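Quick note, the sequences are listed as chains Y and R, same order. With the first letter of the first sequence counted as 1, position 205 gets the number 944 in the working numbering; the numbers rise by one all the way through. With the first letter of the second sequence counted as 1, position 152 gets the number 166 in the working numbering; the numbers rise by one all the way through. The beta carbon of each residue, even a glycine, is placed where N, CA and C say it ideally should be. In this text the structure is predicted, and so the values were computed from the model without any measurement. Reading through the structure tokens given below for one structure.
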Amino acid sequence: MTASIAIQAPRRRQKGRGYKAFRAIMLVLVALVFLAPVVWMVLASFKTNVDIYNSEAAFIFTPTTKNYETVFGQADYVQYIWNSFFVAALATLLSLLLAVPAAYAMSRFVMKKSAVLVLLARVIPGVSLLVPWYFVFSNLRIVGTYTPLVLSHMFVSLPLILYIMMSFFDSLPEELEEQAQVDGLTPIGAFLRITLPLSVPGIATASILSFIFSWNNFMFALVLSGASTKTLPVAIFDFVGYASIDWGGLMAAAVVVTIPIMVIALFTQKYIVSGLTAGATKG
Amino acid sequence: MSTTTGRAVRTQSSFSLWANRNRKWVLAAPAMVFVALLIAFPLGWTLYLSFTDAAGSIRAPHDIIGFENYIDVLSDTDRFWPAVGRTAFFTIGAMVVEMVLGMLIALLLWRPFRGQGIVRVIILLPLVATPVAVGMMWRLIFEPTIGFANQFLSWFGIPPQPWLAGEATALPTLMFVDIWQWTPMVVLILLAGLTSLSDEPDEAARVDGANAWQRFWHVTFPLVMPTFITAVLLRGIDALKTFDILYATKGKGGGSFHEVETLNVYAYGLSFDYQKYGESSTVLIIFFLMIIGCIWLLTIRKKRSAS
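Dropping the structure here:
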């Protein structure tokens, strides 16, 4: 035992250098694997279809904005961008109004069973609810309007916000609220005036993630949207419908839907990570 | 909102008293009612439809036909059971690879290094990208004649593969896409778990002469086990629900040989491509029961490993 400790110190230093090099290579490899396909997509969106078919023009080519002109010219993409934005923003806002107070109550009163009920919404596959929703919404003759889209997206946003806010409120000390109640605020008053202002980081985290998941949602809009309320993921899907694939245009359309979200992610990285890992370390 | 509450405090109206006394439910009920309306009612309706022959137009009359759909679906070895198999294969396969790779990458990123900010941002990109766009992106890369994937293979002298176009290769290719997009999620969760660990047990094991593998297997891994299981549950559930990349790359019926037709794609197609609402509801109810069963098994595991 003593011998092994004696020889361990120098060996570790040596192994350290080799390990450092190995680690650096692996880190570059990991970054490359996750970044390269995105770069490839962006490059292809600036290529003519001739260059896309030519493997020698992989990196050296004359960039063109023709694909973006096709996307914005042929289809009503500005409308689709607005639809995606409007539905995601409204679904997030309405879900916040419902989920934040609920998360507060469930956290403070430890309502485990109620929480499980709402979190069940995260488990159920979307398809299983789509059929009955479609029945109801088409009998109300509102398929193709914004209403069913926002409602169906809230079904994704609300449990997500609830989950994130519950773990946020769990970590927020109760002393301040108690103090406010001693000072004469009602319990609900203390929640509105003391707890809510302190919850801005949590609410920001929940809002960003809810917006992203709603923006990315495909299946609900595929069934429930109409020609004028189509969201971007559905618009991209429809892009392929024609005889042969216009790869340049398809990649430009994919960039138009992905890049805004990626830019948001760059600036709100901390919030996204804290939201995605919320509650995970508690086990 | 706050001004009305302020007035309420001063006057202590009976409404304010009532609301504050019952605040637990006043705050929680709206969200719960909304979710219940959006889940409980649809599930009940799906259950009802599963016993009917509803098909064609949504307003067309339908009859209750008892268990006929269930008998049809459960004896359907042509579409239903292969779809069950593909769903299980996709879910378990993608999840296991994501957990292993996720653990390796999380360990790689765990200790601070130069440029860790950049690597962590890059890892976030697949995660936030729109799945349909991700599907299209890989569709170009895996294009058999012009895609980069076959060009890459040719550098190593490997013959070109059909990827998404092949009957046997399509589903594994889409699993690869799922793994590319969602391994970062596992990495982030496990990193959060690893960073919350104290250094002491690891140091103690090091002093005792344990090598890197022993320290990981006997010290670090058991300590992040609760986080690991949470990640397994999250990824398992999401992989089970995968629809976007399958439908966006292979379209109706999961390709001409139904090669990527999982239960999600099958049920979606029955409902919205073929308007067989009754039969599709039956598939969904059976699928739902299977999910509940799996979660039940997994939570039993979790409880057992926690105790």
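- As computed with DSSP, Gly757 (chain Y) is found in no beta bridge at all.
- Here Gly883 (chain Y) carries a strand assignment [DSSP, helix/strand/coil].
- Here Val146 (chain R) is buried. Its C-beta has 16 or more other C-beta atoms within 10 Å.
- The CB of Met850 (chain Y) comes closer than 8 Å to the CB of Lys38, Ala42 in chain R, given here in chain order.
- Residue environment analysis places Asp258 (chain R) among the buried positions, since at least 16 neighbouring C-beta atoms fall within 10 angstroms of its C-beta.
- Nearest to Asn806 (chain Y) by C-alpha distance, out of Y:Leu931, Y:Met905, Y:Gly988, is Y:Gly988.
- Around the beta carbon of Ile79 (chain R), fewer than 16 other beta carbons lie within 10 angstroms, which makes this residue exposed.
- Taking Val111 (chain R) as reference, the option from R:Trp169, R:Ala45, R:Thr197, R:Gly129 with the minimal CA-CA separation is R:Thr197.
- In the three-state scheme derived from DSSP, where H, G and I count as helix and E and B as strand, Ile78 (chain R) is classed as strand.
- Tyr1010 (chain Y) is positioned such that its CB atom lies no closer than 8 Å to that of Thr934 (chain Y).
- According to DSSP, residue pairing for Thr66 (chain R) in a beta bridge involves R:Ile78.
- The alpha carbon of Leu208 (chain R) has as its nearest neighbour, out of R:Ile72, R:Ser28, R:Asn83, R:Pro126, the alpha carbon of R:Pro126.
- Chain R places a beta carbon closer than 8 Å to that of Ser794 (chain Y), counting this residue as a contact.
- Any Cβ of chain Y closer than 8 Å to the Cβ of Tyr282 (chain R) would place that residue at the interface, and such an atom is present.
- For the segment 829–850 of chain Y, residues whose beta-carbon sits nearer than 7 Å to a beta-carbon of chain R comprise Leu837, Ala838, Pro840, Ala841, Tyr843, Ala844, Met845, Phe848, Met850.
- Counting along the chain, Phe242 (chain R) sits inside the alpha helix (DSSP H) bounded by residues 235–254.
- Every alpha helix (DSSP H) stretch that sits fully inside the segment 805–854 of chain Y and reaches 4 residues is listed by chain position as 805–813, 816–847.
- Taking a contact as a CB-CB distance under 8 Å, the pair Leu237 (chain R) and Ala120 (chain R) does not count as one, their CB atoms being some 13 Å apart.
- Counting only runs of 4+ residues, the alpha helix (DSSP H) found wholly inside the segment 157–196 of chain R occupies 162–169, in chain order.
- A direct Cα-to-Cα measurement between Leu122 (chain R) and Ile136 (chain R) gives close to 15 Å.
- In the three-state DSSP reduction, Ser946 (chain Y) falls in the helix class (H, G or I).
- At least one beta carbon of chain R lies nearer than 8 Å to the beta carbon of Phe957 (chain Y).
- In chain order, Thr925, Pro926, Ile927 make up the part of chain Y whose C-beta sits under 7 Å from the C-beta of Asn34 (chain R).
- No Cβ of chain R is located within less than 8 Å of the beta carbon of Val810 (chain Y).
- Closer than 8 Å to the CB of Asp86 (chain R) there is not a single CB belonging to chain Y.
- Sequence-distant partners of Trp124 (chain R) (beyond 5 residues in either direction) whose C-beta falls short of 8 Å from its own C-beta, in its chain, are Leu205, Leu208, Thr209.
- Within chain Y, the residues placing a beta-carbon under 8 Å from that of Lys255 (chain R) are Pro864, Gly865, ordered along the chain.
- Taking a C-beta distance under 8 Å as the contact criterion, Leu856 (chain Y) and Met46 (chain R) qualify as a contact pair.
- Per DSSP, reduced to three states, the secondary structure at Ser294 (chain R) is helical.
- The beta carbon of Val781 (chain Y) is closer than 7 Å to those of Val994 in its chain, skipping five residues each way along the sequence.
- Under the Cβ distance rule, Asp67 (chain R) does not count among the residues neighbouring chain Y, no pair being separated by less than 8 Å.
- The Cβ of Val778 (chain Y) sits no closer than 8 Å to any Cβ of chain R.
- For the C-beta of Phe29 (chain R), not a single chain Y residue is nearer than 8 Å; the gap to the nearest is close to 11 Å.
- For Ser964 (chain Y), the three-state secondary structure derived from DSSP is strand.
- For Phe48 (chain R), the C-beta contacts it makes with chain Y under 8 Å involve Leu837, Met893, Leu897, in order along the chain.
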